[in-house]
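Residue numbers (the working numbering): -19 to 186. Accompanying notes for the structure given below.
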């Protein structure tokens, strides 16, 4: 990560020196243990000190973690002591939770699962609230127990689906991201989610 971190921090320092406002964020992928975050954060601190010395300014950058491994959800409280924000990688988290790859599932058995009612939806299109969603809610709760101001969002195709957006609003996510064609639908769904925020009850995982 050294080269990437240096490039980000040097760019941030140059922007600061030129009076350009920039808000870079460094997010570590595939995290499963706090020690990984600590190692990368330590590297970031070292590079930041070097950039401060060479550019005469301290680069401002936020540090966060992707949450796309089941173990990361279960260790969210510890991860949040280091990370300032989380982003759920829902495609990878769905694969990890179901223990099948998206390509294999969609090209082989998933259509049959949907047709026969084994699964109501394609979990790579519509967030699996009862499984993946439960892990997400646990991670948000534990993460904000350690860091109340923790910013949390998702990146994945599910972020553009109305039902998924309603659930994300219910568990307190700050944002969703999605592909460009889905942005209008996502914005409308976010507004509807605010109006229907009491929709999900205690039976949402039954």
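Just so you know, even glycine gets a beta-carbon here, dropped at the ideal spot from N, CA and C. Since the model is a prediction, treat every value here as computed from it, not as a measurement.
Annotation for residue 120: the continuous alpha helix (DSSP H) segment containing it runs 114 to 126. DSSP links residue 78 through a beta bridge to no other residue. Between the region 61 to 79 and the region 122 to 140 there are three or more C-beta pairs closer than 8 Å, enough to call the two in contact.
The beta-bridge partner set that DSSP reports for residue 133 consists of 67 and 155.
A residue is called buried when at least 16 other Cβ atoms come within 10 angstroms of its Cβ; residue 89 does not meet this threshold and is exposed. Residue 174 sits in a helix when the DSSP states are folded into three classes. Between residue 47 and residue 69, the C-beta gap is smaller than 8 Å, which places the two residues in contact. Counting along the chain, no alpha helix (DSSP H) covers residue 8; the unbroken beta strand (DSSP E) around it starts and ends at 5 to 8.
Separation of residue 148 and residue 156 (C-alpha to C-alpha, rounded to the nearest whole angstrom) is 8 Å. Under the three-state reduction of DSSP output, residue 18 falls in the helix class. In terms of Cα proximity to residue 117, the closest of 169, -11, 153 and 164 is 153. Contact between residue 5 and residue 41 holds: their C-beta atoms lie close to 7 Å from each other, under 8 Å.
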